[in-house]
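**Q** Each protein sequence line maps, in turn, to chains A, B, C and D.
Okay, so the first sequence: first residue is 59 according to our numbering, each after it adds one.
Okay, so the second sequence: first residue is 59 according to our numbering, each after it adds one.
Okay, so the third sequence: first residue is 59 according to our numbering, each after it adds one.
Okay, so the fourth sequence: first residue is 59 according to our numbering, each after it adds one.
From the three backbone atoms N, C-alpha and C, an ideal C-beta is built for every residue, glycine too.
Keep in mind that this is a model prediction, so the values were computed, not measured.
Pasting a structure below so you can have a look.
Number of protein chains: 4
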Amino acid sequence: MPTPSDPQPNVRPRGSGPETAEAILDAAEEAFATQGFDGTAMRDVAARVGIRAPSLYNHFPSKAALYSAVLERGVGPVLQMLLQFVETADETAWEAGDLLEATLTHLESHPHLPRLISHETLAGGQRLVPVLRDWVGPVFAAAEQLVERGPAAERWQAEQRPLLVLAMYHVIVGYFTMAPLYREVTGRDLLAASALQHQRELLRTFIRVLFEGPKDKD
Amino acid sequence: MPTPSDPQPNVRPRGSGPETAEAILDAAEEAFATQGFDGTAMRDVAARVGIRAPSLYNHFPSKAALYSAVLERGVGPVLQMLLQFVETADETAWEAGDLLEATLTHLESHPHLPRLISHETLAGGQRLVPVLRDWVGPVFAAAEQLVERGPAAERWQAEQRPLLVLAMYHVIVGYFTMAPLYREVTGRDLLAASALQHQRELLRTFIRVLFEGPKDKD
Amino acid sequence: MPTPSDPQPNVRPRGSGPETAEAILDAAEEAFATQGFDGTAMRDVAARVGIRAPSLYNHFPSKAALYSAVLERGVGPVLQMLLQFVETADETAWEAGDLLEATLTHLESHPHLPRLISHETLAGGQRLVPVLRDWVGPVFAAAEQLVERGPAAERWQAEQRPLLVLAMYHVIVGYFTMAPLYREVTGRDLLAASALQHQRELLRTFIRVLFEGPKDKD
Amino acid sequence: MPTPSDPQPNVRPRGSGPETAEAILDAAEEAFATQGFDGTAMRDVAARVGIRAPSLYNHFPSKAALYSAVLERGVGPVLQMLLQFVETADETAWEAGDLLEATLTHLESHPHLPRLISHETLAGGQRLVPVLRDWVGPVFAAAEQLVERGPAAERWQAEQRPLLVLAMYHVIVGYFTMAPLYREVTGRDLLAASALQHQRELLRTFIRVLFEGPKDKD
DNA sequence: GATGAATGAGGATTCATTCAT
DNA sequence: AATGAATGAATCCTCATTCAT
Numbered sequence: 059m060p061t062p063s064d065p066q067p068n069v070r071p072r073g074s075g076p077e078t079a080e081a082i083l084d085a086a087e088e089a090f091a092t093q094g095f096d097g098t099a100m101r102d103v104a105a106r107v108g109i110r111a112p113s114l115y116n117h118f119p120s121k122a123a124l125y126s127a128v129l130e131r132g133v134g135p136v137l138q139m140l141l142q143f144v145e146t147a148d149e150t151a152w153e154a155g156d157l158l159e160a161t162l163t164h165l166e167s168h169p170h171l172p173r174l175i176s177h178e179t180l181a182g183g184q185r186l187v188p189v190l191r192d193w194v195g196p197v198f199a200a201a202e203q204l205v206e207r208g209p210a211a212e213r214w215q216a217e218q219r220p221l222l223v224l225a226m227y228h229v230i231v232g233y234f235t236m237a238p239l240y241r242e243v244t245g246r247d248l249l250a251a252s253a254l255q256h257q258r259e260l261l262r263t264f265i266r267v268l269f270e271g272p273k274d275k276d
Numbered sequence: 059m060p061t062p063s064d065p066q067p068n069v070r071p072r073g074s075g076p077e078t079a080e081a082i083l084d085a086a087e088e089a090f091a092t093q094g095f096d097g098t099a100m101r102d103v104a105a106r107v108g109i110r111a112p113s114l115y116n117h118f119p120s121k122a123a124l125y126s127a128v129l130e131r132g133v134g135p136v137l138q139m140l141l142q143f144v145e146t147a148d149e150t151a152w153e154a155g156d157l158l159e160a161t162l163t164h165l166e167s168h169p170h171l172p173r174l175i176s177h178e179t180l181a182g183g184q185r186l187v188p189v190l191r192d193w194v195g196p197v198f199a200a201a202e203q204l205v206e207r208g209p210a211a212e213r214w215q216a217e218q219r220p221l222l223v224l225a226m227y228h229v230i231v232g233y234f235t236m237a238p239l240y241r242e243v244t245g246r247d248l249l250a251a252s253a254l255q256h257q258r259e260l261l262r263t264f265i266r267v268l269f270e271g272p273k274d275k276d
Numbered sequence: 059m060p061t062p063s064d065p066q067p068n069v070r071p072r073g074s075g076p077e078t079a080e081a082i083l084d085a086a087e088e089a090f091a092t093q094g095f096d097g098t099a100m101r102d103v104a105a106r107v108g109i110r111a112p113s114l115y116n117h118f119p120s121k122a123a124l125y126s127a128v129l130e131r132g133v134g135p136v137l138q139m140l141l142q143f144v145e146t147a148d149e150t151a152w153e154a155g156d157l158l159e160a161t162l163t164h165l166e167s168h169p170h171l172p173r174l175i176s177h178e179t180l181a182g183g184q185r186l187v188p189v190l191r192d193w194v195g196p197v198f199a200a201a202e203q204l205v206e207r208g209p210a211a212e213r214w215q216a217e218q219r220p221l222l223v224l225a226m227y228h229v230i231v232g233y234f235t236m237a238p239l240y241r242e243v244t245g246r247d248l249l250a251a252s253a254l255q256h257q258r259e260l261l262r263t264f265i266r267v268l269f270e271g272p273k274d275k276d
Numbered sequence: 059m060p061t062p063s064d065p066q067p068n069v070r071p072r073g074s075g076p077e078t079a080e081a082i083l084d085a086a087e088e089a090f091a092t093q094g095f096d097g098t099a100m101r102d103v104a105a106r107v108g109i110r111a112p113s114l115y116n117h118f119p120s121k122a123a124l125y126s127a128v129l130e131r132g133v134g135p136v137l138q139m140l141l142q143f144v145e146t147a148d149e150t151a152w153e154a155g156d157l158l159e160a161t162l163t164h165l166e167s168h169p170h171l172p173r174l175i176s177h178e179t180l181a182g183g184q185r186l187v188p189v190l191r192d193w194v195g196p197v198f199a200a201a202e203q204l205v206e207r208g209p210a211a212e213r214w215q216a217e218q219r220p221l222l223v224l225a226m227y228h229v230i231v232g233y234f235t236m237a238p239l240y241r242e243v244t245g246r247d248l249l250a251a252s253a254l255q256h257q258r259e260l261l262r263t264f265i266r267v268l269f270e271g272p273k274d275k276d
């Protein structure tokens, strides 16, 4: 039996224009998010799309380029959203809750994103993707400014404010990243609507408590 | 840069007893933490030790076994510490600060650990390592009990308490995991003593503010 | 001498259709027959075909699968021939000579077959290949029935008839299997037409003498 | 757990003199007979003895030498027996039955021998072992002379007599070689005493019928 | 745009063998 | 005499990528 495997799980019509590229990005996003860059074979991505590996090269020139494209498509909007929020937010209307809401909603509908970002974070930027390198800086700077201008400034030392931002980032992103393992170990699904609602409230409390002005007591 | 092609005639004495296995674990810990399982070649690990790849198999039967051993050696003590703390802690002496202090100190002296754990977390336990599977459950359960018995119980709903534990976990582990990328992007070193001190205080504040009883106001 | 290290830029056209698989089977048949499974390297097979080892995996998913395919292609027809003969033969036209003729002719034109089968026999079926496992049984059963229905039944005890079949099998297959060593030691070629003719007559005499009824007649 | 496997299945006393060499030969004989030369790892042999592979080199300088020693020890006596028989036998006392009896008895008590020889036969003498190369010639020549001097000479043409010898060889050796596979496929044990007795009688009949003079007498 | 076939570059692992203890 | 450790040489196999169809 010389035919090692039977592909074609998806009966896709031939010549599907740019939709194929989109399908590839979807498949790659899931693959990269689940297995990481090194753990993902081009053949895996192709199989998810229902084509053969060489066909991927009709749409993306290399595995690295595909990875970059996935990250750009997935992370870009989030970062843009964050940047825009920071620019428009002013002291009077300091409503971190809005940002939180928007972020959570976005992540909720793009469940692979946090894992993708976590993988890239772990790679230490050693790999590729100037996307993050170019955007992470401004976003963090903006986020710190945001904290600076908000009521938290009075409470936290200057050196602690970036750490506060980092902490919030980890609470938010880590929640989604942890979901699969958490489910496997505890049986509970962090991505379920009810769990997400609790996390939402938790985060709101965090923000209220941690970013509020100095407490009268202490 | 492990420089894989450089044999580096490390004149190590032939019969170096069990120290070689330890050296291999050290090298593997660093390699796995930095590059992940799939991104790490046995030859890389061997090169860091100063031996050739086949020699690794005199000490560990497979790459997976080596990975397991690394994880067991690295994660075991932390989990044990946590479990022990939970068992001995009682309400009267509820000093989460002690646990925090111990954890941070341990992670500080084992800088690869958090990245290692994060990699494994991302793998979703799909890979191997019953270590985590067997311990994560009890530890989380214990941590939740800890919260249960502490003053936080009055403030957070039952469904939120596990999320609170998760959040603290992410703030702590994420800090170390993020360090390399953070340094690359901002130039600042999160692992420096001063930064660590700030993070320590931040976490102490978190605990004080989030785990204290209900606030009289609001 | 397969000269494994010689790429031998056999200018074979790129897309050679299913002929490549056939060529691989040919090469593998010879290699496996001569050197056995363990003694055959995929690189050797590839070299005989004029390609590189990884290319083999475009046609067969593993060494074991290639081995299986070789055996199936080689042994299948023989067994089928035997089975068919047994089914169509009846007592009146009991002409074992026909079967003998057909078998010898087939083996003569597939000189690697007997060695291949011998290797597999030696492996005790421990390895793989349900081909043999599935066919050997029926074929032997059929052969015994053949003997049963023939005149030999009167002469040989029931317990000896399977051994008689075995004996004939060994005389036939062993002849071809022994050929290379015999040539090396004696200088004479058992596969030469004249030697084969003598063996043919020898076997015919065997059948006549051993399978005939009790000696009083004729 | 850096200790990959637990050896020492046999609690043998240290420093057991030349008995170790004998034990190694036993183990190697079984291993080589079952798995062939290429399929047998020195570690396998060592494990059967209850020692580690490097220790084998205290007794045999190489794998090839061990293989040679095994063959020499196993095959030597048979060949010697055959040669001696040929030299002492004369026409008047032409009792091939004696030779047959002796051979069968020897093979019966050395069940690995036939498979060992078959493996070597399949290797076509391409491998090593001048043992066979040096002995097979004389033995075959002697056997042919034996036939020459016996009553079979009148019945078989000169060119057929070597083939007759070969045939008998294959019937005898093949029987033992086939035993494991035969058992696996049919469930019956050719090495059982009863089966051996039947084969003995079968062979006696063969000799009587095939080696007797022209058919008119008896 | 899709693919079968091919391949160089690894990559994990095995193995025979050596050597110091 | 036995062995733990080490290693060069292979071996099977994977993978990203190319190219002709």
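When you compare the CB of residue 247 (chain D) with every CB in chain C, is at least one pair closer than 8 Å?
**A** no
**Q** Could you round the C-beta distance between residue 243 (chain D) and residue 195 (chain C) to whole angstroms and report it? I think they count as a contact, below 8 Å.
**A** 5 Å
**Q** Between residue 100 (chain B) and chain A, is there a C-beta pair that is closer than 8 Å?
**A** no
**Q** Does any residue of chain D bring its CB to less than 8 Å from the CB of residue 236 (chain C)?
**A** Closer than 8 Å: yes.
**Q** Which residues of chain D have a Cβ atom closer than 9 Å to the Cβ of residue 233 (chain C), listed in chain order?
**A** 221, 224, 225 and 228
**Q** Measuring CB to CB, does residue 98 (chain B) end up less than 8 Å from residue 89 (chain B)?
**A** Result yes, Cβ atoms of residue 98 (chain B) and residue 89 (chain B) sit closer than 8 Å.
**Q** By a C-beta neighbour count over all protein chains shown, 10 Å radius and 16 as the cutoff for buried, is residue 266 (chain C) buried or exposed?
**A** In this structure residue 266 (chain C) is exposed. Its beta-carbon is surrounded by fewer than 16 other beta-carbon atoms within 10 angstroms.
**Q** With 7 Å as the C-beta to C-beta threshold (strictly closer), list the residues of the segment 157 to 174 of chain D near chain C in chain order.
**A** 173
**Q** Counting only Cβ-Cβ distances shorter than 9 Å, please list the residues of the segment 109 to 122 of chain B near chain A, keeping chain order.
**A** Listed by position, the residues of the segment 109 to 122 of chain B near chain A (Cβ gap below 9 Å) amount to none.
**Q** For a test of the three-state rule: what should DSSP assign to residue 93 (chain C), helix, strand or coil?
**A** helix
**Q** Taking residue 238 (chain C) as part of the alpha helix (DSSP H), name the residues at either end of that continuous run.
**A** 218 to 244
**Q** Buried or exposed for residue 179 (chain B), going by 16 or more other Cβ atoms inside 10 Å?
**A** buried
**Q** My assumption, with CB atoms under 8 Å, is that residue 221 (chain C) sits in contact with residue 257 (chain D). Please give the rounded CB distance.
**A** 5 Å
**Q** Can you have a look at residue 238 (chain C) and say buried or exposed, based on whether 16 or more other CB atoms are within 10 angstroms of its CB?
**A** buried
**Q** Please state the DSSP three-state secondary structure of residue 195 (chain A).
**A** helix
**Q** Pairs of beta-carbons, one from the segment 225 to 237 of chain B and one from the segment 161 to 173 of chain B, closer than 8 Å: are there three or more?
**A** yes
**Q** The alpha helix (DSSP H) spanning residue 134 (chain D) covers which residue range?
**A** 121 to 146
**Q** Below 8 Å between beta carbons: does that hold for residue 144 (chain D) and residue 215 (chain D)?
**A** no
**Q** So, is the C-beta of residue 126 (chain D) closer than 8 Å to a C-beta in chain C?
**A** no
**Q** Could you list which residues in chain C have their beta carbon closer than 9 Å to that of residue 257 (chain D), in chain order?
**A** 218, 221, 224 and 225
**Q** With 16 as the cutoff for other CB atoms within 10 Å, does residue 260 (chain B) come out buried or exposed?
**A** buried
**Q** Thinking just about the alpha-carbon of each residue, which of A:93, A:110, A:136 and A:132 is nearest to the one in residue 83 (chain A)?
**A** Comparing Cα-Cα distances from residue 83 (chain A) to each of A:93, A:110, A:136 and A:132, the minimum goes to A:132.
**Q** Is there at least one Cβ from chain B nearer than 8 Å to residue 137 (chain A)'s Cβ?
**A** no
**Q** Tell me which residues share the same chain as residue 112 (chain C) and place their Cβ nearer than 7 Å to its Cβ, disregarding the 5 neighbours each side in the sequence.
**A** Residues of the same chain with their beta carbon placed closer than 7 Å to that of residue 112 (chain C) are lacking, with the five preceding and five following residues left out of the count.
**Q** So is residue 94 (chain A) in contact with chain B if we call contact Cβ pairs under 8 Å?
**A** By the rule that beta-carbons nearer than 8 Å mark a contact, residue 94 (chain A) touches chain B.
**Q** Give the secondary structure of residue 151 (chain C) by DSSP, where H, G and I count as helix, E and B as strand, and everything else as coil.
**A** In this prediction, residue 151 (chain C) scores a pLDDT of 49, lower than 50, which makes its location untrustworthy; the coordinate-derived value is nonetheless stated afterwards. In the structure shown, residue 151 (chain C) sits in coil (DSSP, three-state: anything other than H, G, I, E or B).
**Q** With a CB to CB cut of under 6 Å and the five nearest residues on each side skipped, what residues in its chain are close to residue 91 (chain B)?
**A** 170, 173 and 174
**Q** Are the C-beta of residue 129 (chain B) and some C-beta of chain A separated by less than 8 Å?
**A** With its beta carbon at least 8 Å from every one in chain A, residue 129 (chain B) lies outside the interface.
**Q** From what residue to what residue does the alpha helix (DSSP H) around residue 266 (chain A) run?
**A** 251 to 269
**Q** Quick one, which of A:137, A:251 and A:86 has its alpha-carbon nearest residue 122 (chain A)'s?
**A** Of the residues A:137, A:251 and A:86, the one whose Cα lies closest to the Cα of residue 122 (chain A) is A:86.
**Q** Within this structure, are the beta carbons of residue 95 (chain C) and residue 125 (chain C) separated by less than 8 Å?
**A** Cβ atoms of residue 95 (chain C) and residue 125 (chain C): closer than 8 Å.
**Q** In chain B, which residues lie less than 7 Å from residue 97 (chain A) when you measure between Cβ atoms?
**A** 96
**Q** Please check the pair residue 249 (chain B) and residue 193 (chain B), which I expect to be a contact at CB under 8 Å, by giving their CB distance rounded to whole angstroms.
**A** About 26 Å separates the two Cβ atoms, so there is no contact after all.
**Q** If we define contact as Cβ-Cβ less than 8 Å, is residue 133 (chain D) a contact residue for chain C?
**A** no
**Q** Looking only at its chain, what residues have a beta carbon closer than 8 Å to the beta carbon of residue 270 (chain C), apart from the 5 residues adjacent to it on each side?
**A** 209, 210, 213 and 276
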